[in-house]
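Trainee: If you're matching them up, the sequences are chains A and B in order.
Note that the first sequence covers residues 0 to 267 in numbering that gives the first Met the number 0.
Note that the second sequence covers residues 0 to 286 in numbering that gives the first Met the number 0.
Ideal Cβ positions, reconstructed from N, Cα and C, are used throughout, including at glycine.
Quantities reported herein were computed from a predicted structural model and do not represent experimental measurements.
Pasting a structure here, questions to come.
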Amino acid sequence: MKALRWGATALLILAALAAIGAHYVAPAGYEHQFRESPGVSPSAQHPLGTDDLGRDRFARLIYGLRVSLILAPLAAALTTLMAALIGGIAGYCGGWVEGCALVIMDLFLSIPWLFLLITVRAMLPLNISPESSVFITFLLLGVLGWAASARIICAGTRDLLKSEFVWLARASGFSGFKLLRLHLLPNLRGTLLAQFWISIPVFIIAEANLGAMGLGVAEPLPSLGSLLRELQNVVTLRPEPWRFMPLLVLIMVVSCFQTLLNKNEVRT
Amino acid sequence: MLRSVGLAVLRLLVIMLLASMIGAVLIRVAPGFSSDEQQLNSSLSAQSIQAIKQARLTNSDLPRYYANYLAALLRGDLGISQSLNQPVRDLLRERIPVTMRSLVLALALAWLIGLALAVAAQLTRSRLLTFLTDGVSSTFISTPAVVLALVFVLLRLPPQLAATLLVFPKIYRYSQNLLQQSYQLPHVLTARAKGAGAWRVLAWHVAPMAAPQMLALVGVSVSIALGVLLPIEVICDVPGIGQLAWQAAQSRDLPLLVNLTLVVTFVTVCATMLSDSARRSFTRSAA
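If you want it as structure tokens, here you go:
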């Protein structure tokens, strides 16, 4: 299992390096059109061929990986922050504050994610730029995904408040922000980290589903999800297996996160 | 008993009230709410266009709009779909049974496979079996629903099976963790040390400990399955509420989309409440 985790870490580092250095790895760029060679098979110049518009598939994959690998952790960080704030305050205050927070959490947990996402995504103006669509898509994921984590943080805070060291801290005059900063947050760090790691693969998959249905990142900017749209032309798949590459990369990245996630869960 | 039922109904009411409020705000603030494309219809008279404008203006006040929306909702009037030009209620009446059939079948199979694999992994304690089942569940967890649906279209397999394959890994992982924890409990270790058979230990000592949390997972799995069915219905061309939601999103038909989300929320809240009360009853009877 240790070797598997090392392998997953190595693969993720490799993917992250390729994504960060996309400009050097794929100098063709994600939107440059090779108009003399649209839809060509893999070659030395185009390792994964070109799409119907003559854009280099390999470059689009690397840039798509960059979008997903940078923005999914950012969205996860936002979710974790919101969960820590809302869950922490609810658990700390208790009473009607906790009751109200729990009802709102229940509401967010009751609505299947994808329904909520496509509803809010459908409200956006049609003329938003591709860059804005990327940020809005991941921002929505971050803003809408906090409820489950907040519930766990809320329960964790409530349990911590009953612990002896917190009673001692309170008896010693610690209260409010100081108690939260010095005693509660450090003890919730493991739970928060686990929630952060859990959210990353979930957001990558959610973006992939949205993107593949045409409700994610707008063209010409690629993401792992928007690249999957090419797979919808299933009839042409059999003679061109390299079209599956974005899917393989997506499965690899998410599986690597899942493998590392198990380790973090054990740690917490 | 009556108190807990009352509290559950109150919780359902509050959640649905909040959901409807969010829905009304979303519809009200959506771009294009204050205009109607009929205003561009040159065959309409100036008076008709003025009447349309007046009707829109009446709804521009958010509290009044919400009050009207809620009153209509209570009468069972979910409005008219802008894109399909049909009452939302009729559309839902046609589509809900299709999705419910898929949901029940997918969930039944997912629970069967997930639980069977988790129990097999615990009973046999085979590292190979655990490695294989973990690998399979990881692959399906990492696969977007859209892609699996495409594969199912290509292979002409039933779409409900795709939903099963996407839901079972979550049930398997949770059940396996739960069973693993239950097998570590002192009374289970004692029973095994005294020579109780594997099935007897499972049925009499492990299952009662794991059952309450499993029952709670039933409600959550309904929400997971509904989320998974949306892309599957879109790709596999199944005329359920998932496909309807996607069509509404594509044509920016917000009244339809919001009401659909409201209905789905109602189904999931009811499922969660039922599974929660089943869990509580089980815990009470076991105590």
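If I measure Cβ to Cβ from SER67 of chain A and keep anything under 7 Å in the same chain, skipping five residues before and after, which residues do I get?
Mentor: The answer, listed in chain order, is ILE203, GLU206, SER222 and LEU223.
Trainee: Alpha carbon to alpha carbon, how far is LEU268 of chain A from LEU83 of chain B?
Mentor: The question about residue 268 of chain A has no answer, for chain A in this structure spans 0 to 267.
Trainee: If you follow the alpha helix (DSSP H) that LYS356 of chain A is in, where does it begin and where does it stop?
Mentor: Only positions 0 to 267 of chain A appear in this structure, which leaves residue 356 of chain A out of reach.
Trainee: Under the DSSP definition of a beta bridge, which residues are partnered with ILE79 of chain B?
Mentor: DSSP, once it has assigned bridges, lists B:PRO86 as partnering ILE79 of chain B.
Trainee: Classify GLU232 of chain B: buried if its beta carbon has 16 or more other beta carbons within 10 angstroms, exposed otherwise.
Mentor: Label assigned to GLU232 of chain B: buried.
Trainee: Name, going along the chain, the residues of the stretch 104 to 137 of chain A whose beta-carbon falls closer than 9 Å to a beta-carbon of chain B.
Mentor: Within the stretch 104 to 137 of chain A, the qualifying residues are ASP105, LEU106, LEU108, SER109, ILE110, PRO111, TRP112, LEU113, PHE114, LEU115, ILE117, THR118, VAL119, ARG120, ALA121, MET122, LEU123, PRO124 and LEU125.
Trainee: When you compare only the Cα positions, how much space is there between VAL265 of chain A and PHE256 of chain A?
Mentor: Since pLDDT at VAL265 of chain A reaches only 42, below the 50 mark, its modelled position is unreliable, and the value read off the structure follows with that caveat. Going by the C-alpha atoms only, they are around 14 Å apart.
Trainee: If you draw a straight line from the alpha carbon of GLN121 of chain B to that of VAL24 of chain A, how long is it in whole angstroms?
Mentor: So the two alpha carbons sit approximately 46 Å from each other.
Trainee: Comparing C-alpha positions only, which one of B:GLU93, B:THR129, B:GLN53 and B:ILE223 sits nearest to LEU113 of chain A?
Mentor: Out of B:GLU93, B:THR129, B:GLN53 and B:ILE223, B:ILE223 has the C-alpha closest to the C-alpha of LEU113 of chain A.
Trainee: Note the first and the last residue of the continuous alpha helix (DSSP H) segment covering GLU206 of chain A.
Mentor: Where GLU206 of chain A is concerned, the enclosing alpha helix (DSSP H) stretches over 184 to 211.
Trainee: Tell me the DSSP bridge mates of ARG54 of chain A?
Mentor: DSSP, once it has assigned bridges, lists A:GLN32 as partnering ARG54 of chain A.
Trainee: When DSSP labels each residue in this structure, what does VAL265 of chain A get in the three-state scheme?
Mentor: Reliability of the predicted coordinates at VAL265 of chain A is poor, the pLDDT of 42 falling under 50, and the value obtained from them is presented with this limitation in mind. Three-state DSSP puts VAL265 of chain A in a helix.
Trainee: Could you check which residue in B:ARG63, B:TYR173, B:ALA66 and B:ARG126 has the C-alpha nearest to that of ILE140 of chain B?
Mentor: Taking only the C-alpha atoms, the option nearest ILE140 of chain B is B:TYR173.
Trainee: Closest Cβ-Cβ distance between ALA248 of chain B and chain A: below 7 Å?
Mentor: By this cut-off, ALA248 of chain B is an interface position.
Trainee: What residues match up with THR49 of chain A in a beta bridge as DSSP calls it?
Mentor: Answer is A:ASP55.
Trainee: Does DSSP put GLN44 of chain A in a helix, a strand or coil?
Mentor: Three-state DSSP puts GLN44 of chain A in coil, outside helix and strand.
Trainee: Do PRO245 of chain A and LEU220 of chain A count as a contact pair if the criterion is CB distance below 7 Å?
Mentor: No; because the gap between Cβ atoms is not below 7 Å, this pair is not in contact.
Trainee: Using a Cβ-Cβ cut-off of 7 Å (strictly less than) and excluding sequence neighbours within five positions of TYR182 of chain B, which residues of its own chain qualify?
Mentor: GLN121 and VAL205, listed in sequence order.
Trainee: Say the cut is 6 Å; is the CB of LEU147 of chain B nearer than that to a heavy atom of the ligand FMN?
Mentor: The model on display carries no ligand, and the ligand FMN is accordingly not part of it.
Trainee: Any beta-carbon of chain A closer than 7 Å to the one on PRO238 of chain B?
Mentor: Chain A contact via Cβ: absent.
Trainee: Could you work out which residues of chain A lie near ARG251 of chain B, taking near to mean beta carbons separated by less than 7 Å?
Mentor: Result: ALA121.
Trainee: By DSSP, does ASN126 of chain A sit in helix, in strand, or in coil?
Mentor: ASN126 of chain A falls in the coil class under three-state DSSP.
Trainee: I want to verify the contact list: residues of chain B whose CB lies under 7 Å from the CB of ALA74 of chain A, in sequence order.
Mentor: Result: empty, since nearest Cβ-Cβ is about 17 Å, beyond 7 Å.
Trainee: Taking one C-beta from the stretch 254 to 263 of chain B and one from the stretch 75 to 95 of chain B each time, how about it: are there three or more such pairs within less than 8 Å?
Mentor: Yes, the stretch 254 to 263 of chain B touches the stretch 75 to 95 of chain B.
Trainee: Please tell me whether SER137 of chain B and SER132 of chain A are closer than 7 Å, where the distance is taken between their beta carbons.
Mentor: Not in contact: SER137 of chain B and SER132 of chain A (Cβ atoms no closer than 7 Å).
Trainee: Indicate whether THR23 of chain B and TYR65 of chain B have their beta-carbon atoms separated by less than 7 Å.
Mentor: In the sequence as presented, Thr is not what sits at residue 23 of chain B; that position holds Ala. Going by C-beta atoms, ALA23 of chain B is nearer than 7 Å to TYR65 of chain B.
Trainee: What number of angstroms, rounded off, separates the C-alpha of GLU35 of chain A from the C-alpha of SER42 of chain B?
Mentor: Their Cα atoms are separated by approximately 49 Å.
Trainee: Determine whether the Cβ of ILE199 of chain A lies closer than 7 Å to any Cβ atom of chain B.
Mentor: Cβ-Cβ to chain B under 7 Å: no for ILE199 of chain A.
Trainee: To test your reading of the DSSP string, which unbroken alpha helix (DSSP H) runs of 4 or more residues are found completely within the stretch 75 to 141 of chain A?
Mentor: 94 to 109 and 112 to 121, all fully within the stretch 75 to 141 of chain A.
Trainee: Are THR289 of chain B and ALA105 of chain B close, meaning C-beta to C-beta below 7 Å?
Mentor: Because chain B is modelled from 0 through 286, residue 289 of chain B falls outside the range shown and cannot be assessed.
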